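To keep things clear, I will list the structure first and then write my remarks on it.
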């Protein structure tokens, strides 16, 4: 589904991502791990179009999307969440999700001015989609609540729902379990599995190793912008290079 070839992003003399090549298979949970400053979020920014690469290429479903604008990449089917959940605090949960499906609508300014039938029809579709994804993430009971009045774990779920409202094929999750407790982390992992069961491919960045090792089909490890390893969870947690650079002892991984 996603093919990355020799991807590099330089900021002056610093290579935040350096010559990284990797493939993301459809229908799997793919993880990216590594120390802070390893280039993980920059890698996501490149894939999602938030910044252009210095060199290399990005292919999605056989199409070269290198350097495309974020909205074009989103329309092709790549959605993402952010390390810090970004939502409209003074809007309701449902209204936040309605915004997400606007990506798939065609109404323009003139439709708004004349209150065109197309606008009204698309408004109904957006509301229906928002209700659908809200139910999917288990938050139908708080659709009326303002984002400012939701918990951290609920915000994480709303961010998942917002990504799903764009009808993606691939979702990039940047530290989805950050700031939540172990029980909430387990519930969020179950939601990620549910997404994949419903045909959405997932690629996530995460520091919680117990979650990653039980969840991911494949893991890529970055260190100082370079890929130092790739493989199954079992291969990664026994890889001496990864242990030295990031994981510590095997006992630490399993703790």
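In this note's numbering, the protein residues as written are 747 to 1001.
Idealized CB from N, CA, C, for every residue including glycine.
On a predicted model such as this, the values are computed, not experimentally measured, just so you know.
Residues bridged to residue i (per DSSP)
i: residue 750; result: 768, 804
i: residue 894; result: DSSP, once it has assigned bridges, lists no residue as partnering residue 894.
i: residue 777; result: 950, 965
i: residue 742; result: Within the shown structure, residues of the chain are numbered from 747 to 1001, placing residue 742 beyond reach of any answer.
i: residue 756; result: 761
i: residue 838; result: 892
i: residue 810; result: 805
i: residue 973; result: 968
Residue i classed as buried or exposed, judged by whether at least 16 other C-beta atoms fall within 10 angstroms
i: residue 760; result: exposed
i: residue 847; result: buried
i: residue 757; result: exposed
i: residue 771; result: exposed
i: residue 929; result: exposed
i: residue 790; result: buried
i: residue 799; result: buried
i: residue 818; result: exposed
i: residue 922; result: buried
i: residue 834; result: exposed
i: residue 952; result: buried
i: residue 1040; result: The requested residue 1040 is not part of the displayed model; the chain covers only 747 to 1001.
i: residue 1000; result: In this prediction, residue 1000 scores a pLDDT of 43, lower than 50, which makes its location untrustworthy; the coordinate-derived value is nonetheless stated afterwards. With fewer than 16 Cβ atoms within 10 Å of its Cβ, residue 1000 is classed as exposed.
i: residue 832; result: exposed
i: residue 900; result: buried
i: residue 962; result: buried
i: residue 752; result: exposed
i: residue 876; result: buried
i: residue 996; result: Residue confidence is low: residue 996 scores 47 on pLDDT, short of 50, so the model does not pin down where it sits. No coordinate-derived value is stated.
i: residue 867; result: exposed
i: residue 939; result: exposed
i: residue 978; result: exposed
i: residue 987; result: exposed
i: residue 764; result: buried
i: residue 778; result: buried
i: residue 863; result: exposed
Helix, strand or coil at residue i [DSSP, three-state]
i: residue 913; result: coil
i: residue 938; result: helix
i: residue 988; result: helix
i: residue 1000; result: The predicted position of residue 1000 is uncertain, since its pLDDT is 43 and thus under 50; no value can be drawn from it.
i: residue 831; result: coil
i: residue 907; result: helix
i: residue 796; result: coil
i: residue 979; result: helix
i: residue 885; result: coil
i: residue 876; result: helix
i: residue 820; result: helix
i: residue 734; result: Because residue 734 is not part of the residues shown, which for the chain are 747 to 1001, the question remains open.
i: residue 995; result: Interpretation of residue 995 is limited by its pLDDT of 49, a score under 50 that renders its predicted location unreliable; the figure taken from the coordinates is listed afterwards. In this structure, residue 995 counts as coil in the three-state DSSP scheme.
i: residue 861; result: coil
i: residue 791; result: helix
i: residue 846; result: helix
i: residue 926; result: coil
i: residue 782; result: coil
Item checked: Sufficient close CB pairs (3 or more, under 8 Å) joining the region 944 to 956 to the region 913 to 930 -> Counting Cβ pairs under 8 Å, three or more are found: they touch.
Check: Given 8 Å as the limit, is there contact between the region 955 to 969 and the region 818 to 830, that is, 3 or more CB pairs closer than that?
Finding: These segments do not touch.
Next item on the list: Say whether the region 886 to 893 touches the region 778 to 797, bearing in mind that this needs 3 or more beta-carbon pairs closer than 8 Å, one atom from each stretch.
Entry: No: the two stretches stay apart, fewer than three of their Cβ pairs being nearer than 8 Å.
Next item on the list: May I ask you to verify whether the region 826 to 845 touches the region 900 to 913, counting CB pairs closer than 8 Å and requiring at least 3?
Entry: Flag = yes, the region 826 to 845 and the region 900 to 913 touch.
Note to self: Contact between the region 862 to 871 and the region 925 to 944 is defined here as three or more beta-carbon pairs at a separation below 8 Å; is this criterion met?
What the structure shows: Fewer than three Cβ pairs drawn from the region 862 to 871 and the region 925 to 944 lie within less than 8 Å of each other, which leaves the two stretches out of contact.
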